[in-house]
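Undergrad:
Protein chains: 2
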Amino acid sequence: MDAEEFRRRGREMIDYVASYLENVRTRQPYPDVQPGYLRQLIPDCAPESPDSWDDLFKDIERVIMPGVTHWHNPHFHAYYLTASSFPAILADILSDGIGCLGFTWATSPACTELEVVTLDWLGKMLDLPPDFLSCSGGKGGGVIQGTASEATLVALLSARTKFLHKMKKDNNEIEDGVIMSNFVAYTSDQAHSSVERAGLIAAVKMRKLETDDKCALRGHTLQQAIDSDKANGLVPIFVCATLGTTPSCAFDNLLEIGPICEKEGIWLHIDAAYAGSAFICPEFRPLLNGVEYATSFNFNPHKWLQVNFDCSTMWVKDSTLISEAFRVDPLYLKHENQGQVMPDYRHWNIPFGRRFRSLKLWFVLRLFGLKGLQECIRKDVRLAHEFKNLVLSDERFALFCEVTLGLVCFRLKRSDEVNERLLKAINEDRRIHIVPSQTKDTYFLRFAICASQTTSEDIQFAWKVISEMADFVLKE
Amino acid sequence: MDAEEFRRRGREMIDYVASYLENVRTRQPYPDVQPGYLRQLIPDCAPESPDSWDDLFKDIERVIMPGVTHWHNPHFHAYYLTASSFPAILADILSDGIGCLGFTWATSPACTELEVVTLDWLGKMLDLPPDFLSCSGGKGGGVIQGTASEATLVALLSARTKFLHKMKKDNNEIEDGVIMSNFVAYTSDQAHSSVERAGLIAAVKMRKLETDDKCALRGHTLQQAIDSDKANGLVPIFVCATLGTTPSCAFDNLLEIGPICEKEGIWLHIDAAYAGSAFICPEFRPLLNGVEYATSFNFNPHKWLQVNFDCSTMWVKDSTLISEAFRVDPLYLKHENQGQVMPDYRHWNIPFGRRFRSLKLWFVLRLFGLKGLQECIRKDVRLAHEFKNLVLSDERFALFCEVTLGLVCFRLKRSDEVNERLLKAINEDRRIHIVPSQTKDTYFLRFAICASQTTSEDIQFAWKVISEMADFVLKE
């Protein structure tokens, strides 16, 4: 394919994507296919000679679309949302076109520097303490990770290194693994599965601490765990607090946890994967109070800030704690401007190669503006409250917890089993798609505002479906 | 931006990218900017209200391009290449448009299933042993990782888990960290920096073994290390062999290493990040002989197989070894078809969220066809040999090692210091861009065939520049 054909095919693809997103509400949110469907639709080998564009293009509808879960259909209400916006898609085309890698500053200075500066922009939008920002002139700064899971892992691994060095100062003879056996990290029993997994990967004990009746980790629980572990000879090194948990969008109590971490000298990482975007609105910013105690902070613009996956932004107050944690420096990566002013981001994350991802953040921040992005957040929260009111207006149902942002957790005032049947009926009906959760031994349904096209009518529609299915299940 | 404006802007962006790539040879491969250049060109905060598209679009040339290292300029010969092709860019637009996540099968069945099937296609193109393929009906299968660094880390972590479980069967009381202190992994002193880094992250000792005069790891070296470590009470768990090393494109001796790993029960991972793509050509396939001994195998289609970053393909013979290594299973991720026929890929990699990356592999395999991709590889190897002959025709220069694929390592027959001055002169001249390396205490220059537009004339041009700079440096 030459540039001329690319111009033609590019227009076809742009038109296809524009039409797909314009009409995505006409597609069924969750597909009907069974596992293994796709293999039967295509050959079992790649072609020797090129296939035609037309054949390939037709296969998008024939092979791919029947198996797509349409996350941007306004009747998709599962998990949390994933962002999609036209400005971000345009930026990704540019990123692919430039096609540079950004593992050191020299491999494409613009790739590194736009990341540094847009992370400062975004940090200011969240009103992060200045010591998290590169422009403040200290050791602070931001980086784009692929996912919140990677941010958590990078933070935990860096904390592990920090404490290893500290312990080895006293006794250089002990094996790392032996020291690490005494390390302990904490998170809540509501934290995302990737936090527990980070503990397994880093080989650091991850204690899942009990939360209060609002599913929040409280200071006294953390303090008790620390005291008891220290009494048993363990070394607390890390706390991962969550703002906006996956099961129920709960918020750990940062103002209690933060001072404890500070007093104990423990690395405090904040995972605000979902909720973080909301903090650009002054009315939600208080939920972030206590961030000043954190060592590292992370959230996903690729969830709720209009930036297509992957763009998980992470800030640290002392970037040398992560950039020096696993530094390996071969000659073929050395360059004259190393370590001056701008970072070599390969030291900041697990992957070596890096795409030019800051372009999409830059495009979105500029083409939406702060006000435009705030309006997206506020609209979704309004819709969640509208749904909440529908739940409250039906005496068969109860909320599982308060609604703070764009997630409503609710259940029939019946057994878990009945609620499981309701979930199954809703998803088998196929008009809307949601997922369940379970917390404090209670099974409930999660209704998330996901697609940016979702309107008040869609909320009413979803409630109509749920209500009908409840009639059906309760009649059984 | 609505769909109608996206159609218009999308065409502008497609045209911009088409023209950029058509004319990329007119841009200087390495930029003139100094660290910190970008911050001075843009505001220090995101805008409150949206910027105009026209202002943003103008800023691509004003802000971004002056700081771009143009990897697709035919005079860029640094590192190894990174792929860029029009079919891959088109597929990425579709992937962004669909905007689904693929962490479980249910989050978008097509996303998981196309990955399973295209990895089978690609595995067959490489003539991988059938037990690496999903279609063979065993436990084998492939997965797209972001980078080879992640593939190495995933393999090492899985090996660590496998051996931990084995050791704990005998004694369940010992702490993981204490057991891990006795684990040892091996790679060559030529392996990529990310292999050493994987050892640091996994907290497993990574021994860098000496290579022979061709920079290859040999069987007897490995066997000696294993014997000596076992005698000292250590437990060898993992070998990372490299096919096509970063410093000099050397090949570890798989046919010697493989049987040793098999005999000792050690996990053999093959990192063929760069060279792997060449194995689709029958004449280069013998370089992969011995892969039948491997537990896992990885290479980067995003380097030399026309698939834009990121697409690092990894196969394992027993996928449960990686998918079960760090499994955490919360309710909100359960789905009815779990564990049937198709994998939940979130268990196969470090990140949780995943993009629809198999689309670009599918587009490339279909629109190039096997023959088209083979021709790209062969053209680059021909150009490398053309450059090699130019080096050999100039008696001031010597090759550092044999040329096997698209990399030529060479040096002036003078001191390292003179060669360092030559490298500096070449890069400061700015007409071409290369990077150096150092191996066996010898400093040399690396000349890689990178851009797909590179022609014989470009090779002659590059040699003219190098020759001129040699004149200049030798005259000093």
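Top line first, the protein sequences correspond to chains A and B. Residues 1 to 476 in full-length UniProt numbering are what the first sequence lists, from first letter to last. Residues 1 to 476 in full-length UniProt numbering are what the second sequence lists, from first letter to last. Note that CB positions come from ideal geometry on N, CA and C, so glycine has one too. Quick caveat: nothing in here was measured; it's all calculated off a predicted structure.
Bridge partners of B:CYS100, per DSSP?
TA: Residue mapping note: residue 100 of chain B aligns to position 100 of the second sequence, counting from 1. DSSP, once it has assigned bridges, lists no residue as partnering B:CYS100.
Undergrad: Return the chain-ordered ranges of every beta strand (DSSP E) run that is complete within the segment 155 to 217 of chain B and spans a minimum of 3 residues.
TA: 183 to 188, 205 to 209, all fully within the segment 155 to 217 of chain B.
Undergrad: What residue range does the alpha helix (DSSP H) around A:ASP120 cover?
TA: Your numbering for residue 120 of chain A matches position 120 in the first sequence. Looking at the DSSP string, the run of the alpha helix (DSSP H) that includes A:ASP120 is 109 to 125.
Undergrad: Tell me the DSSP bridge mates of B:MET314?
TA: Working through the second sequence from its first residue, we reach residue 314 of chain B at position 314. Note: B:MET314 sits in a beta bridge opposite B:VAL143, B:ASN298.
Undergrad: Distance, Cα to Cα, A:PRO236 vs B:PRO109?
TA: Locating residue 236 of chain A in the first sequence gives position 236, where the first residue counts as 1. Locating residue 109 of chain B in the second sequence gives position 109, where the first residue counts as 1. One C-alpha to the other measures close to 41 Å.
Undergrad: Taking DSSP's pairing of strands, which residues face B:SER277 in a bridge?
TA: If you number the second sequence from 1, residue 277 of chain B lands on position 277. Note: B:SER277 sits in no beta bridge, so no partner.
Undergrad: Quick check on this structure: which residue in A:ALA78, A:GLU375, A:THR112, A:ARG7 has the alpha carbon closest to the alpha carbon of A:TYR30?
TA: Taking the first sequence and counting its residues from 1, the one referred to as residue 30 of chain A is at position 30. Nearest of A:ALA78, A:GLU375, A:THR112, A:ARG7 to A:TYR30, Cα basis: A:ALA78.
Undergrad: Indicate whether at least one CB of chain B lies closer than 8 Å to the CB of A:ASP54.
TA: As a first step, residue 54 of chain A is located in the first sequence; it is residue number 54 there, counting from the start. No, no contact with chain B.
Undergrad: According to DSSP, is B:GLN40 helix, strand or coil?
TA: Locating residue 40 of chain B in the second sequence gives position 40, counting from the first residue. Three-state DSSP puts B:GLN40 in a helix.
Undergrad: In chain A, which residues lie less than 7 Å from B:LEU234 when you measure between Cβ atoms?
TA: Within the second sequence, residue 234 of chain B is the residue found at index 234, counting from 1. In chain order: nothing, as chain A lies at least about 11 Å away.
Undergrad: Check each candidate in B:ASP176, B:PHE326, B:PRO43, B:CYS100 and name the one with the smallest Cα separation from B:VAL154.
TA: Here residue 154 of chain B refers to the residue found at position 154 when the second sequence is read from its first residue. With distances taken between Cα atoms, B:VAL154 lies closest to B:PHE326.
Undergrad: CB A:PHE86 to CB B:PHE6, shorter than 8 Å?
TA: As a position in the first sequence, residue 86 of chain A is number 86, starting the count at 1. As a position in the second sequence, residue 6 of chain B is number 6, starting the count at 1. Taking 8 Å as the Cβ cut-off, A:PHE86 and B:PHE6 qualify as a contacting pair.
Undergrad: For the beta strand (DSSP E) containing B:PRO436, list its first residue and its last residue.
TA: Within the second sequence, numbered from 1, the residue matching residue 436 of chain B stands at position 436. Its beta strand (DSSP E) spans residues 435 to 439.
Undergrad: Chain B beta carbons: is any one of them nearer than 8 Å to that of A:CYS100?
TA: The sequence position of residue 100 of chain A within the first sequence is 100, counting from 1. Closer than 8 Å to some Cβ of chain B, the Cβ of A:CYS100 qualifies, so yes.
Undergrad: Using the rule of at least 16 other Cβ atoms within 10 Å of the residue's Cβ for burial, across every protein chain shown, is B:LYS230 buried or exposed?
TA: The residue you call residue 230 of chain B lines up with position 230 of the second sequence. Counting Cβ neighbours within 10 Å, B:LYS230 comes out exposed, since fewer than 16 surround it.
Undergrad: For a test of the three-state rule: what should DSSP assign to B:THR454, helix, strand or coil?
TA: As a working note, residue 454 of chain B is residue 454 in the second sequence. Coil, per DSSP.
Undergrad: Please return the same chain residues whose Cβ sits closer than 7 Å to the Cβ of B:PHE76, not counting the five positions on each side in sequence.
TA: To locate residue 76 of chain B, count along the second sequence from 1; it is residue 76. Taken in chain order, the residues that qualify are PRO29, HIS70, HIS433, CYS450, ALA451.
Undergrad: Applying a beta-carbon distance threshold of less than 7 Å, which residues of chain A neighbour B:CYS45?
TA: Translated into positions along the second sequence, residue 45 of chain B becomes position 45. Those within 7 Å of B:CYS45 in chain A are TRP121, LYS124.
Undergrad: Once the 5 residues before and after B:LEU200 are set aside, which same chain residues still bring their CB inside 8 Å of it?
TA: As a first step, residue 200 of chain B is located in the second sequence; it is residue number 200 there, counting from the start. Contacts found: MET206.
Undergrad: If we cut at 8 Å on Cβ distances, does B:PRO282 have a partner in chain A?
TA: What you label residue 282 of chain B is simply residue 282 of the second sequence in a count that begins at 1. No, B:PRO282 lies away from the interface with chain A (no Cβ there is under 8 Å from its Cβ).
Undergrad: When the Cβ atoms of the segment 330 to 338 of chain A are set against those of the segment 103 to 118 of chain A, are three or more pairs found closer than 8 Å?
TA: Result yes; three or more Cβ-Cβ pairs closer than 8 Å.
Undergrad: Express the C-alpha separation of A:ALA384 and B:ILE270 in angstroms, rounding to a whole number.
TA: Indexing the second sequence from 1 puts residue 270 of chain B at position 270. Indexing the first sequence from 1 puts residue 384 of chain A at position 384. For B:ILE270 and A:ALA384, the distance between alpha carbons rounds to 50 Å.
Undergrad: Could you tell me which chain A residues have their CB closer than 9 Å to the CB of B:GLN306, listed as they occur along the chain?
TA: Residue numbering aside, residue 306 of chain B sits at position 306 when the second sequence is read from its first letter. By Cβ distance, chain A contributes nothing, its closest Cβ being about 10 Å from B:GLN306, past 9 Å.
Undergrad: Can you list the alpha helix (DSSP H) stretches of 4 or more residues lying completely in the segment 233 to 277 of chain A, in chain order?
TA: DSSP runs (the alpha helix (DSSP H)) wholly in the segment 233 to 277 of chain A: 254 to 264.
Undergrad: If I measure Cβ to Cβ from A:TYR37 and keep anything under 8 Å in the same chain, skipping five residues before and after, which residues do I get?
TA: For the purposes of this step, residue 37 of chain A is identified with residue 37 of the first sequence, where counting begins at 1. The answer, listed in chain order, is PRO66, GLY67.
Undergrad: In this structure, what does DSSP give as the bridge partners for A:VAL408?
TA: Your numbering for residue 408 of chain A matches position 408 in the first sequence. Beta-bridge pairing links A:VAL408 to A:PHE447.
Undergrad: Beta-carbon of B:ALA203 versus every beta-carbon of chain A: anything under 8 Å?
TA: The residue given as residue 203 of chain B occupies position 203 in the second sequence. Yes, its Cβ sits closer than 8 Å to a Cβ of chain A.
Undergrad: Does DSSP put B:ALA46 in a helix, in a strand, or in coil?
TA: The sequence position of residue 46 of chain B within the second sequence is 46, counting from 1. The answer is coil: DSSP assigns B:ALA46 none of H, G, I, E or B.
Undergrad: Given this structure, state the Cα-to-Cα distance separating B:LEU243 from B:SER84, to the nearest angstrom.
TA: Taking the first residue of the second sequence as 1, we reach residue 243 of chain B at position 243. Taking the first residue of the second sequence as 1, we reach residue 84 of chain B at position 84. For B:LEU243 and B:SER84, the distance between alpha carbons rounds to 22 Å.
Undergrad: Anyone know if the C-beta pair for B:PHE410 and B:LEU423 falls short of 8 Å?
TA: Locating residue 410 of chain B in the second sequence gives position 410, where the first residue counts as 1. Locating residue 423 of chain B in the second sequence gives position 423, where the first residue counts as 1. Their beta carbons are not under 8 Å apart, which means B:PHE410 does not touch B:LEU423 by this criterion.
Undergrad: On the criterion of 16 or more Cβ atoms from any shown chain inside 10 Å, does B:GLY102 qualify as buried, or is it exposed?
TA: Looking up residue 102 of chain B in the second sequence gives position 102. B:GLY102 is buried by the Cβ-count criterion.
Undergrad: Along the chain, where does the alpha helix (DSSP H) that runs through A:ALA106 open and close?
TA: As a working note, residue 106 of chain A is residue 106 in the first sequence. No alpha helix (DSSP H) holds A:ALA106; DSSP gives it neither H nor E.
Undergrad: Less than 8 Å between CB atoms is the rule here; does A:HIS220 satisfy it with respect to chain B?
TA: On the first sequence, residue 220 of chain A is found 220 positions in, with the first residue counted as 1. With 8 Å as the cut-off, A:HIS220 does not count as an interface residue toward chain B.
Undergrad: For a cutoff of 8 Å on Cβ pairs, would you count B:CYS135 as touching chain A?
TA: Locating residue 135 of chain B in the second sequence gives position 135, where the first residue counts as 1. So, interface residue.
Undergrad: Per DSSP, A:LEU399 forms a beta bridge with which residues?
TA: Here residue 399 of chain A refers to the residue found at position 399 of the first sequence. DSSP output for A:LEU399 lists A:PHE410 as bridge partner(s).
Undergrad: Answer yes or no: do B:VAL328 and A:ARG197 have a C-beta to C-beta separation smaller than 8 Å?
TA: For the purposes of this step, residue 328 of chain B is taken as residue 328 along the second sequence, with counting starting at 1. For the purposes of this step, residue 197 of chain A is taken as residue 197 along the first sequence, with counting starting at 1. Yes, they are a contact pair.
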